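Just below is one structure, and these are the notes that go with it.
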Amino acid sequence: MQAAAEHPGAPASAPVPSRQRYRVAIVGGGPAGCACALALAQHGVHDVLVIEAGDYTPFRIGESIPPEANRLFQALGIAQDFFAEAHAPCHGSCSWWGSDKRGYNDALMHPLGHGWHLERSRFNGFLARQARLRGTEVLLHASLAASAPADGGGFALQLALGSAAQPRQATIHADLVVDASGTRAVFARQRGSRKVETLPLVCMAMRFAVPEGSRSGLTHLEAVEHGWWYGAHLPDATLLLAFYSDAATVRAQRLQHAGRWLAWLAQAPNTAALARGAAPLAGGVQSFPAPSYCLDRLHGDGWLAIGDAASAFDPVTSQGIVKALANGMAAAGAIAGHASLGAVAQTVAHRYAQYLALRQQYYGWEQRWPAAPFWRQLHAGAEEPAV
Numbered sequence: 001m002q003a004a005a006e007h008p009g010a011p012a013s014a015p016v017p018s019r020q021r022y023r024v025a026i027v028g029g030g031p032a033g034c035a036c037a038l039a040l041a042q043h044g045v046h047d048v049l050v051i052e053a054g055d056y057t058p059f060r061i062g063e064s065i066p067p068e069a070n071r072l073f074q075a076l077g078i079a080q081d082f083f084a085e086a087h088a089p090c091h092g093s094c095s096w097w098g099s100d101k102r103g104y105n106d107a108l109m110h111p112l113g114h115g116w117h118l119e120r121s122r123f124n125g126f127l128a129r130q131a132r133l134r135g136t137e138v139l140l141h142a143s144l145a146a147s148a149p150a151d152g153g154g155f156a157l158q159l160a161l162g163s164a165a166q167p168r169q170a171t172i173h174a175d176l177v178v179d180a181s182g183t184r185a186v187f188a189r190q191r192g193s194r195k196v197e198t199l200p201l202v203c204m205a206m207r208f209a210v211p212e213g214s215r216s217g218l219t220h221l222e223a224v225e226h227g228w229w230y231g232a233h234l235p236d237a238t239l240l241l242a243f244y245s246d247a248a249t250v251r252a253q254r255l256q257h258a259g260r261w262l263a264w265l266a267q268a269p270n271t272a273a274l275a276r277g278a279a280p281l282a283g284g285v286q287s288f289p290a291p292s293y294c295l296d297r298l299h300g301d302g303w304l305a306i307g308d309a310a311s312a313f314d315p316v317t318s319q320g321i322v323k324a325l326a327n328g329m330a331a332a333g334a335i336a337g338h339a340s341l342g343a344v345a346q347t348v349a350h351r352y353a354q355y356l357a358l359r360q361q362y363y364g365w366e367q368r369w370p371a372a373p374f375w376r377q378l379h380a381g382a383e384e385p386a387v
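Residue 387 is where the sequence shown ends in UniProt numbering, and the numbering goes up by one at each step.
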């Protein structure tokens, strides 16, 4: 019997797995995991369990997707349903990067149309609902506690269910496991995989209530001496402003304190202009990791890592969600027999190498503060380890 959904944006979830054995278990119900489940349904594979640790209610960072996402939504068969969700159009970006002059990169002539500013938690919940409507079992408030190869193939997965106040356990067998658990990479790390990191950043963000009529359909970027600022108006009528820097700068400048964060915002005049007349929302400064890495081992016998579990991209490239969706679709194709898991892993590693070159190009365009530690380490791209 299905329990009621925990939140209007969340898919209904059974309190325990409905069976003991599944053909595919997907650890993580974000864009990568849900895209994999959706694509598996298109291939006729419905014996799938998505194991999601949360319930799609907390605020999540990661809200802009480029026009390329529209093609992936079409391929997954969810484009019209996504459009009905009424996320805010993103018509491109304006930036102060490399000089004090404003630059534009708009989607006016893009053949795939405009991109989107997402309310990310609602978007993730939407993907999970779509997967469930197509036959996938979605288990909320469930995390992978342990895993081990099973006799005869596949894996035995020990799940922790429910809240810390009322914990429960269940053990299932999965013939194949897809690790889409995000930066935790929980299953892959249980198999011995390690992250090969390349200059991780930290995001320090605040949200604001904005006056009626002051919304922008553009993403805003502004480089400053010790990092860069991001701004976007979200579909819930809030403004998100985020500062990206290295952990040492965040600690030294105590940017977890709202007063310090706002003082630094005031020194970024183009970003501060977005917040003029806006009121900070409760919650203060929120911190989010922004890692950059690839696993040294992306797959093994009966398992594959995808999305941020496999490789995480610097947000400056705006590729994270599109990468996750594409990874999920590729993984489903391999499971359905159209490619090998190793071929998908090779593609993931190749895309990561391309990403490193693209990130180096983006940061190389900014040369105004060559002595600043933040920019100096990002310009030293030749020292980054190979995957």
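We treat Cβ as the ideally placed atom computed from N, Cα and C, and that holds for glycine. Predicted, not measured: the structure shown is a model, and the values here were computed from it.
Backbone CA spacing between residue i and residue j [nearest angstrom]
{"i": "Trp-228", "j": "Ala-324", "result": "24 Å"}
{"i": "Lys-195", "j": "Trp-97", "result": "30 Å"}
{"i": "Pro-31", "j": "Met-329", "result": "10 Å"}
{"i": "Glu-383", "j": "Gln-253", "result": "Caution is warranted here: a pLDDT of 45 is assigned to Glu-383, below 50, making its placement in the model unreliable, and the coordinate value is therefore given only provisionally. Cα-Cα distance, rounded: 27 Å."}
{"i": "Pro-291", "j": "Ala-349", "result": "16 Å"}
{"i": "Gly-135", "j": "Arg-184", "result": "27 Å"}
{"i": "Ala-357", "j": "Gly-320", "result": "15 Å"}
{"i": "Pro-58", "j": "Pro-235", "result": "16 Å"}
{"i": "Gln-169", "j": "Ser-163", "result": "11 Å"}
{"i": "Gly-302", "j": "Pro-67", "result": "34 Å"}
{"i": "Arg-376", "j": "Ala-247", "result": "15 Å"}
{"i": "Ala-380", "j": "Trp-365", "result": "13 Å"}
{"i": "Leu-274", "j": "Ser-93", "result": "14 Å"}
{"i": "Ser-287", "j": "Asp-151", "result": "43 Å"}
{"i": "Ala-343", "j": "Ala-165", "result": "43 Å"}
{"i": "residue 389", "j": "Gly-259", "result": "With the chain covering 1 to 387 only, the question about residue 389 has no answer from this structure."}
{"i": "Arg-368", "j": "Ser-99", "result": "7 Å"}
{"i": "Arg-351", "j": "Ala-326", "result": "11 Å"}
{"i": "Pro-17", "j": "Gly-307", "result": "24 Å"}
{"i": "Arg-129", "j": "Thr-249", "result": "40 Å"}
{"i": "Ala-131", "j": "Asp-106", "result": "32 Å"}
{"i": "Trp-116", "j": "Thr-347", "result": "26 Å"}
{"i": "Leu-199", "j": "Leu-118", "result": "26 Å"}
{"i": "Ala-86", "j": "Arg-215", "result": "15 Å"}
{"i": "Val-387", "j": "Ala-353", "result": "Unreliable placement is indicated for Val-387, whose pLDDT of 49 sits below 50; the coordinate value is still reported in the next sentence. Each residue's Cα considered, the two are about 7 Å apart."}
{"i": "Lys-101", "j": "Asn-270", "result": "11 Å"}
{"i": "Ala-345", "j": "Gly-333", "result": "13 Å"}
{"i": "Pro-8", "j": "Gly-283", "result": "Bear in mind that a pLDDT of 46 at Pro-8, under 50, signals an unreliable position, so the model cannot answer this."}
{"i": "Ala-372", "j": "Arg-297", "result": "34 Å"}
{"i": "Ala-84", "j": "Gly-103", "result": "32 Å"}
Nearest-angstrom beta carbon gap, residue j and residue i [assumed within contact, 8 Å]
{"i": "Gln-20", "j": "His-173", "result": "6 Å"}
{"i": "Val-177", "j": "Val-27", "result": "7 Å"}
{"i": "Pro-89", "j": "His-110", "result": "With 8 Å as the limit, Pro-89 and His-110 do not qualify as a contact, their Cβ atoms being about 12 Å apart."}
{"i": "Ala-209", "j": "Leu-157", "result": "So it is not a contact: roughly 43 Å between Cβ atoms."}
{"i": "Leu-127", "j": "Cys-34", "result": "4 Å"}
{"i": "Leu-133", "j": "Asp-314", "result": "That pair is no contact at about 34 Å."}
{"i": "Glu-137", "j": "Tyr-293", "result": "Between Tyr-293 and Glu-137 the Cβ distance is about 30 Å, and since that is not below 8 Å, they are no contact."}
{"i": "His-299", "j": "Leu-341", "result": "5 Å"}
{"i": "Ser-245", "j": "His-226", "result": "6 Å"}
{"i": "Arg-359", "j": "Val-322", "result": "So it is not a contact: roughly 15 Å between Cβ atoms."}
{"i": "Met-206", "j": "Trp-261", "result": "7 Å"}
Sub-7 Å separation of residue i and residue j beta-carbons
{"i": "Gly-231", "j": "His-91", "result": "no"}
{"i": "Leu-239", "j": "Ala-278", "result": "yes"}
{"i": "Ser-95", "j": "Leu-221", "result": "yes"}
{"i": "Ala-145", "j": "Ala-160", "result": "yes"}
{"i": "Ala-310", "j": "Cys-36", "result": "no"}
{"i": "Tyr-363", "j": "Leu-378", "result": "yes"}
{"i": "Arg-122", "j": "Arg-60", "result": "no"}
{"i": "Leu-295", "j": "Ala-148", "result": "no"}
{"i": "Ser-143", "j": "Ala-53", "result": "yes"}
{"i": "Asp-175", "j": "Gly-192", "result": "no"}
{"i": "Gln-224", "j": "Ala-266", "result": "The residue asked about is misnamed: residue 224 is Val in this sequence, not Gln. The answer is no: Cβ separation not under 7 Å."}
{"i": "Ala-305", "j": "His-43", "result": "no"}
{"i": "Gly-125", "j": "Tyr-56", "result": "yes"}
{"i": "Leu-76", "j": "Leu-38", "result": "yes"}
{"i": "Ala-242", "j": "Cys-203", "result": "yes"}
Which residues DSSP lists as bridging residue i, in chain order
{"i": "Val-177", "result": "Ala-25, Trp-303"}
{"i": "Pro-89", "result": "Trp-116"}
{"i": "Glu-197", "result": "Tyr-293"}
{"i": "Glu-137", "result": "Leu-49"}
{"i": "Leu-157", "result": "Ser-147, Ile-172"}
{"i": "Asn-105", "result": "Ser-93"}
{"i": "Phe-288", "result": "Cys-203"}
{"i": "Leu-240", "result": "Arg-207, Ala-232"}
{"i": "Leu-221", "result": "Ser-95, Tyr-230"}
Counting pairs of beta carbons, one from the stretch 37-54 and one from the stretch 63-74, are three or more of them closer than 8 Å? no
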